[in-house]
Amino acid sequence: MPTQRDNNPFPYSDSNKRYYTYDYFLRQKFGAKCAKLPIDAGFSCPNRDGTKGIGGCIYCSAHGSGDFCGGAEQTVTEQLESAYAMMSKKWQDPLGIAYFQAFTNTYAPIDELREKYEAALRFPNVVGLSIATRADCIADDVCEYFAELAERTFLTVELGLQTAHDSTAQFINRGHTFSDFMLGYEKLRTASDKINIGVHLIDGLPNESADMMIESARVVASIRPDQLKLHLLHVIDGTRLAEIYRDGEFECLTLDEYADIVVRQLELMPPETVIGRVTGDGAPDTLIAPLWSLKKLVVMNTIDKLMYTRNTWQGRLF
């Protein structure tokens, strides 16, 4: 009997996945397994210190979404050593993508950024950098440096958009508009066509319907990012979102609702856009809801099964 892999109509896949996985992309590019190595470089965020706002986004943890990074008291090299040792237990001699994950990783003077990025590039087996930041926090000198870096290594700049709807962005205390996001996006695009640009969306934000989440994906598809990350909204203890959730002001998506939304979003994406993730990790000791998200493989398998049963794939409606 033919397998799901045999019947897969999506061209950028060597498995049953009907979307362009980051793992497949990296294996095709580098010819080997690549692992992301998370780093907390000790940066802050303009949405926390009063430059753009205070308190940060209502869902953001005390670690600035870097819950699985090493501590910022460690050097970049020390964090990479720990992360690489852990990844080497799963895969033999993997290559590494140094992932500056926690908080806003362009929110510092250029000399400090350069010191930390270059330290990561010197680490053995690191073949690229992935830098998570805000589109409204990329200074001109940083943009010029990124263009230079992109000539020397595989550089991805990940921009947190979360939603294309300004009303939601205001509610979650994002601190910028969609127009602000597009200014930063175009700035990177103009700087160098070798800079890979990733965009993050969060599904399940308060006051958003499924149609609004689909529309955010449609808008992102129109700008053709190199990479897209789809996150499930996590309610983390100690956040403003946790207070709103406990007050009964919103409900989290169910697994079936989330899978349906993700599949519909993937159908709208350009086939060539790499999908960095279709769900996220919540630290078990601080995650309040939805608890079904802790079973990450179940979430991914549910999405895969739904794409198969609907006979659909990434880009089918692009």
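Under this note's numbering, the letters of the sequence shown match residues 3 to 320, in that order. Cβ atoms here follow ideal geometry from the backbone N, Cα and C, with glycine treated the same way.
Do Y14 and P273 have their C-beta atoms closer together than 9 Å?
-> The residue you call residue 14 lines up with position 12 of the sequence shown. The residue you call residue 273 lines up with position 271 of the sequence shown. Going by C-beta atoms, Y14 is nearer than 9 Å to P273.
Between the CA atoms of A43 and V2 - distance to the nearest angstrom | No answer is possible for residue 2: it lies beyond the span of the chain, which begins at 3 and ends at 320.
Exposed unless 16 or more other CB atoms sit within 10 angstroms - verdict on D138 = Counting from 1 along the sequence shown, the entry for residue 138 is found at position 136. Answer is buried; the Cβ neighbour count reaches 16.
Nearest residue (CA-CA) to N107, options L97, A87, P126, C145 = Mapped onto the sequence shown, residue 107 falls at position 105. Per the Cα distances, C145.
Would you kindly work out how many angstroms separate the C-alpha atoms of R248 and Q30, rounded to a whole number?
-> By one-based count along the sequence shown, residue 248 stands at place 246. By one-based count along the sequence shown, residue 30 stands at place 28. The straight-line gap from Cα to Cα measures roughly 45 Å.
Nearest-angstrom beta carbon gap, V237 and L2 [assumed within contact, 8 Å] = Since the first residue of the chain shown is 3 and the last is 320, residue 2 is not available in this structure.
Please go through the same chain and pick out, in chain order, the residues whose beta-carbon is closer than 8 Å to the beta-carbon of K307, but skip the five residues on each side of it.
-> Residue 307 sits at position 305 when you count from the first residue of the sequence shown. For K307, where only same-chain residues beyond five positions count, there are no Cβ hits under 8 Å.
Short check: CB of I197 to CB of F102, under 9 Å?
-> Position 195 of the sequence shown, counted from the start, is the residue given in the question as residue 197. Position 100 of the sequence shown, counted from the start, is the residue given in the question as residue 102. The answer is no: Cβ separation not under 9 Å.
Could you tell me which of F45, C36, E117 sits nearest to G98, measuring between CA atoms?
-> Here residue 98 corresponds to residue number 96 of the sequence shown, with the count starting at 1. Considering only alpha carbons, the answer is C36.
With a threshold of 16 other CB atoms inside 10 Å of the CB of F105, please say whether the residue is buried or exposed.
-> Looking up residue 105 in the sequence shown gives position 103. The residue is buried, with at least 16 neighbouring Cβ atoms inside 10 Å.
Look at the alpha carbon of K298 and the alpha carbon of I204, and state the distance between them as a whole number of angstroms.
-> Against the sequence shown, residue 298 aligns to sequence position 296. Against the sequence shown, residue 204 aligns to sequence position 202. Using only the alpha carbons, I get a separation of about 16 Å.
Compute the distance between the beta-carbons of L115 and Y147, then report whether it is under 9 Å.
-> Here residue 115 refers to the residue found at position 113 of the sequence shown. Here residue 147 refers to the residue found at position 145 of the sequence shown. Yes.
Spatial neighbours of P286 within its chain, please: CB distance less than 8 Å, with the 5 preceding and 5 following residues excluded, ordered by chain position.
-> Against the sequence shown, residue 286 aligns to sequence position 284. Only L296 meet the Cβ criterion.
Buried versus exposed call for E269 [16 or more other C-beta atoms within 10 Å across all chains shown] | On the sequence shown, position 267 is the one that residue 269 refers to. Answer is buried; the Cβ neighbour count reaches 16.
How big is the Cα-Cα spacing for D258 and N175?
-> Working through the sequence shown from its first residue, we reach residue 258 at position 256. Working through the sequence shown from its first residue, we reach residue 175 at position 173. Using only the alpha carbons, I get a separation of about 28 Å.
Which residue from N303, D262, F173, D239 puts its Cα closest to that of G284?
-> In the sequence shown, counting from the first residue as 1, residue 284 sits at position 282. G284 has its Cα closest to that of D239, out of N303, D262, F173, D239.
Using the DSSP secondary-structure output, state which residues sit across from E160 in a beta bridge.
-> As a working note, residue 160 is residue 158 in the sequence shown. According to DSSP, which records beta bridges pairwise, E160 is partnered with A134, G200.
Which word fits A261, buried or exposed, when buried means at least 16 other C-beta atoms lie within 10 angstroms of its C-beta?
-> Residue numbering aside, residue 261 sits at position 259 when the sequence shown is read from its first letter. Counting Cβ neighbours within 10 Å, A261 comes out buried, since at least 16 surround it.
Start-to-end residues for the alpha helix (DSSP H) that takes in R279 | Numbered from its first residue, the sequence shown carries residue 279 at position 277. Unbroken run through R279 is the beta strand (DSSP E), 276–279; no alpha helix (DSSP H).
Should T135 be labelled buried (16 or more other beta-carbon atoms within 10 Å of its own) or exposed?
-> Here the question's residue 135 lines up with position 133 in the sequence shown. Under this definition T135 is a buried residue.
Where the beta strand (DSSP E) through Q229 begins and ends = The sequence position of residue 229 within the sequence shown is 227, counting from 1. Start and end: 229–234.
With burial defined as no fewer than 16 other Cβ atoms inside 10 Å of the residue's Cβ, what is the status of R50: buried or exposed?
-> Here the question's residue 50 lines up with position 48 in the sequence shown. Buried, since its Cβ has 16 or more Cβ neighbours within 10 Å.
Does DSSP put F173 in a helix, in a strand, or in coil?
-> Looking up residue 173 in the sequence shown gives position 171. Three-state result, F173: helix.
Determine the extent of the beta strand (DSSP E) in which Y101 is found, giving its start and end residues.
-> Taking the sequence shown and counting its residues from 1, one reaches residue 101 at position 99. Where Y101 is concerned, the enclosing beta strand (DSSP E) stretches over 97–102.
Candidates F45, Q94, C59: which alpha carbon is nearest I133's?
-> Locating residue 133 in the sequence shown gives position 131, where the first residue counts as 1. If we check each option's Cα against that of I133, F45 comes out closest.
What do you get for A64, buried or exposed, if any count of 16 or more other CB atoms within 10 angstroms of its CB means buried?
-> Numbered from 1 along the sequence shown, position 62 holds the residue referred to as residue 64. That one is exposed.
For E117, count neighbouring C-beta atoms within 10 Å of its own C-beta (all shown protein chains included) and say buried if the count is 16 or more, exposed if not.
-> To locate residue 117, count along the sequence shown from 1; it is residue 115. E117 comes out exposed.
By a C-beta neighbour count over all protein chains shown, 10 Å radius and 16 as the cutoff for buried, is V300 buried or exposed?
-> Working through the sequence shown from its first residue, we reach residue 300 at position 298. Exposed: under 16 other Cβ atoms inside 10 Å.
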